[in-house]
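Protein sequences appear in the order of chains A and B.
Using my numbering, read the first sequence as starting at 269 and increasing by one per residue.
Using my numbering, read the second sequence as starting at 269 and increasing by one per residue.
Number of protein chains: 2
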Amino acid sequence: MIANRPSRHDLLTIGQLSERSGLATSALRYYERLGLIHATRTTGNQRRYTRGTLRRIAFVRAAQRVGLSLDEAKVALDRLPEHRAPSGTEWDGVAQSWQSRIDEQIAELERLKAKLTGCIGCGCLSLTRCGLYNAADRAAAAGPGARYLLTRDPATGPEPAPTDGPDSV
Amino acid sequence: MIANRPSRHDLLTIGQLSERSGLATSALRYYERLGLIHATRTTGNQRRYTRGTLRRIAFVRAAQRVGLSLDEAKVALDRLPEHRAPSGTEWDGVAQSWQSRIDEQIAELERLKAKLTGCIGCGCLSLTRCGLYNAADRAAAAGPGARYLLTRDPATGPEPAPTDGPDSV
DNA sequence: CTGCAACCTGAAGTCGGCTTCAAGTCAAGC
DNA sequence: GCTTGACTTGAAGCCGACTTCAGGTTGCAG
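Right under this line is the structure:
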């Protein structure tokens, strides 16, 4: 095995990886427990990371930014090669799905923004028929797509009937 | 007191409020503990809410959507009148600041998206100089503005020196 | 060869935003 | 007036994503 030898100097200690990735060492160990990254060990049991680990971490962080949990990130990550940079095709699928997630998120923010603007115009937030009110009320209970910015989806509960008569204040 | 009487039928039980707001009753009690909403009590100690409470809840949910914590939402909420719909001017300040938060978030997503697109084009995620890599690496450690989509800011830690030499793989 | 920073482990703690539980009380329709 | 479902409380539990801690080991500069 002459190719692929991570020649000693290409190996990072956890401290170095921490510095370069911006993640705390504790976080890196946590990621390892979750199977997001892997390390070889020295004879003395210390972790050593290949530089490719930085790529995996980059991937995970980006995944978080598009709203994925670490578990979800792992699923996506597992579909990419562990020791190489992904090929264009491999990367494509992932990137595509992220694109649409991002687009959804942007669209959602645009909607919220539009509603805010409307509210400025009308000086409302009265209950009668404010877009923002309706946004937070019904949209919060709507399906996926409103979820990502909220820390947790609160509307997994009832939301049973359209018990909203006319918004009689 | 003829004006302002919440004539009995304008008062909602916690169950009704739950239904109309999409929040669980437990969440509503939790919001009350945080001071986000308030209730009067019946002689038998049950909560009764005015319809205006729906407005407050709407506000809080919207605040969460722009990335505020409940504590932050409370601060904003406390600057608006408790029993009336806010005036245009009152609403303006809040809306303005939310607008810019939203704009930041959108911009951030656009950046991420652009980087993803770049990655599709170049088939990269190689360590050499991938925008996405740099995004997740440095941008994650960057100041406020990258924070909101991440559940927690991981870069409150060190990130001490520009220890990033050339990206020698 | 020594000293000390960096590393190791498992267990426990933290934080925000809730939910669940147990045990008891209220309100309203028959 | 009784039943039954909606309500009350405080305390504890849960989730994700980590951090902190305590007590022990390693690796490398001098």
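We put the beta carbon where it would ideally sit given N, CA and C, even for glycine.
Looking at the DSSP output, Leu280 (chain A) sits in a beta bridge with A:Tyr317.
Thr308 (chain A) sits in a strand when the DSSP states are folded into three classes.
In the structure shown, Ala326 (chain A) adopts helical secondary structure according to DSSP, grouped into three states. The alpha-carbon separation between Gln373 (chain A) and Lys383 (chain B) amounts to approximately 16 Å. Taking a Cβ-Cβ cut-off of 7 Å, the neighbours of Leu384 (chain A) in chain B comprise Ala363, Trp366 and Gln367, given in sequence order. At a cut-off of 8 Å between C-beta atoms, Gln373 (chain B) counts as an interface residue with respect to chain A. The DSSP-derived three-state label of Gly303 (chain B) is coil. Interface residue (Cβ-Cβ distance to chain B less than 8 Å): Ala341 (chain A) is not classified as such. Approximately 14 Å separates the beta-carbon atoms of Val343 (chain B) and Arg369 (chain B); this is outside 8 Å, ruling out the contact. Judged by DSSP in its simplified three-state form, Leu384 (chain A) adopts helix.
A residue is called buried once 16 or more other Cβ atoms fall within 10 Å of its Cβ, and Leu280 (chain B) is buried on that count. Residues of chain A with a Cβ closer than 8 Å to the Cβ of Ile305 (chain B) do not exist; the shortest Cβ-Cβ separation is about 13 Å. At least one CB of chain A lies nearer than 8 Å to the CB of Ile370 (chain B). The alpha-carbon of Ser365 (chain B) is positioned some 18 Å away from that of Pro349 (chain B). In the structure shown, Val362 (chain B) falls within a helical segment according to DSSP collapsed to helix, strand and coil. Proximity of Ala330 (chain A) to chain B, defined by a Cβ-Cβ separation below 8 Å, is satisfied. For Ala344 (chain A), the enclosing alpha helix (DSSP H) begins and ends at Leu338 to Asp346.
Taking every protein chain shown into account, the CB of Leu302 (chain A) has fewer than 16 other CB atoms within 10 angstroms, so this residue is exposed.
The shortest CA-to-CA distance from Leu285 (chain B) to any of B:Arg309, B:Arg315 and B:Leu377 is the one to B:Arg315. The C-alpha of Arg324 (chain B) is placed about 7 Å away from the C-alpha of Leu304 (chain B). Here Ala353 (chain A) carries a coil assignment [DSSP, helix/strand/coil]. Within the model, the alpha-carbon separation for Ala295 (chain B) versus Arg329 (chain B) is close to 12 Å. Residues Leu302 of the same chain have their beta carbon placed closer than 6 Å to that of Leu338 (chain B), with the five preceding and five following residues left out of the count. Distance from Asp278 (chain B) to Thr308 (chain B) at the Cβ level is roughly 11 Å; contact not present, criterion being Cβ atoms closer than 8 Å.
Cβ contact annotation for Ala292 (chain B) (same chain, cutoff 7 Å, sequence separation greater than five): Ser286, in chain order.
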